[in-house]
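Letter by letter, the sequence shown follows residues 37 to 103 in this note's numbering. A virtual CB, placed ideally from N, CA and C, is assigned to each residue, including glycine. As structure tokens, the structure follows; a few thoughts come after it.
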Amino acid sequence: MRYFVEDTLYDAGVDVFIAGHEHFYERSWPIYDSKVCNGSYDHPYTEPNAPVHIITGSAVSQSLAST
Numbered sequence: 037m038r039y040f041v042e043d044t045l046y047d048a049g050v051d052v053f054i055a056g057h058e059h060f061y062e063r064s065w066p067i068y069d070s071k072v073c074n075g076s077y078d079h080p081y082t083e084p085n086a087p088v089h090i091i092t093g094s095a096v097s098q099s100l101a102s103t
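Structure below.
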């Protein structure tokens, strides 16, 4: 994958590229001290001033769990 997109990402000034195969994830608004720092559903954030947390759902399916 890297060889196909590396020049494009570099030229666009991309800071982080996350790739993978996951069917479920959650992300937060920029949060600090248990408060949303900027952004809302009506006015999405740009250049967040606090961390955005990303969590992938990687639990094993019950059909794949060993018995």
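Check: Mapping DSSP to helix, strand and coil, what is Tyr-39?
Finding: helix
Item checked: Straight-line Cα distance separating Trp-65 from His-79 -> Just so you know, the alpha carbons of His-79 and Trp-65 end up roughly 12 Å apart.
Checklist line | Bounding residues of the beta strand (DSSP E) (the contiguous stretch that carries Glu-62) | finding: 61 to 63
Notebook entry, point to check: How about the stretch 80 to 89 and the stretch 54 to 65: do they share at least three Cβ pairs that are nearer than 8 Å?
Noted result: Judged by Cβ distances under 8 Å, the stretch 80 to 89 makes contact with the stretch 54 to 65, as three or more pairs qualify.
Notebook entry, point to check: Helix, strand or coil: which one does DSSP assign to Tyr-77?
Noted result: coil
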